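In what follows, a structure is listed as structure tokens, so that the remarks can point back to it.
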Amino acid sequence: MYSERVMDHFMNPRNMGEIPDADGAGEVGNATCGDIMRITLRVEENRIVDAKFKTFGCAAAIASSSMATELIKGKTLDEACAVTNRAVVEALGGLPPQKVHCSVLAKEGIHQAIDDYRVRHGMQPGGDEEKHAP
Ligand code: FES
């Protein structure tokens, strides 16, 4: 059911944990499945220098958070915002259709953490134009 890369990120998650005194934090949940994801960021000069996650959820949610944090590390806030859930799914070598919403949760967690950073620094939150995408 899952690709090798999903299994790898599920069995050996990257960036698991929480950044103390994070510059931005996001917590999102999916009301249907009950899964919860928390993303914390370290930001320096508008660039994400570290990202960590804590996910209480299914294998696809854990693999998606692991891959999503890998994808955004080193990116500017704008570049990280442009990482779609499809990009996460592709990087994972695909997800079963009924598990795509798990990657949406990861993307929403990242957007929320970035918006939290922006609001704390007096910037406009970026919004989430993709929120309702599958
Ligand atoms: Fe809910 Fe995967 S089943 S995030």
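Residue 82 in my numbering is what sits at position 25 of the sequence shown, and the numbering runs on without skipping anything.
Note that CB positions come from ideal geometry on N, CA and C, so glycine has one too.
Everything numeric in this text was worked out from a predicted model, so none of it was measured.
Contacting residues, own chain, Cβ-Cβ under 7 Å from residue i (five flanking each side not counted)
i, result
"Asn69", "none"
"Gln181", "Arg175"
Cutoff 8 Å; reference residue i; Cβ partners in own chain excluding five residues on either side
i, result
"Met58", "Pro153"
For residue j and residue i, believed in contact at Cβ under 8 Å, the rounded distance
i, j, result
"Ala163", "Met94", "6 Å"
"Lys130", "Ala108", "5 Å"
Own chain residues within Cβ distance below 6 Å of residue i, not counting five before or after
i, result
"Pro191", "For Pro191, the predicted structure reports a pLDDT of 44, less than 50, and the residue's modelled location is therefore unreliable. A value from the coordinates is still provided. Cβ within range, chain order: Val157."
"Glu165", "Val85"
"Glu101", "none"
Residue span of the beta strand (DSSP E) that contains residue i, given as start and end
i, result
"Met94", "93–101"
"Lys164", "No beta strand (DSSP E) contains Lys164, which is instead part of the alpha helix (DSSP H) from 157–177."
Host alpha helix (DSSP H) of residue i (start-end)
i, result
"Thr126", "116–129"
Nearest residue (CA-CA) to residue i, options the options
i, options, result
"Asn142", "Gly131, Ala117, Thr133", "Ala117"
"Met64", "Leu134, Ser121, Glu136", "Ser121"
"Met73", "Gly81, Ile96, Ala79", "Ile96"
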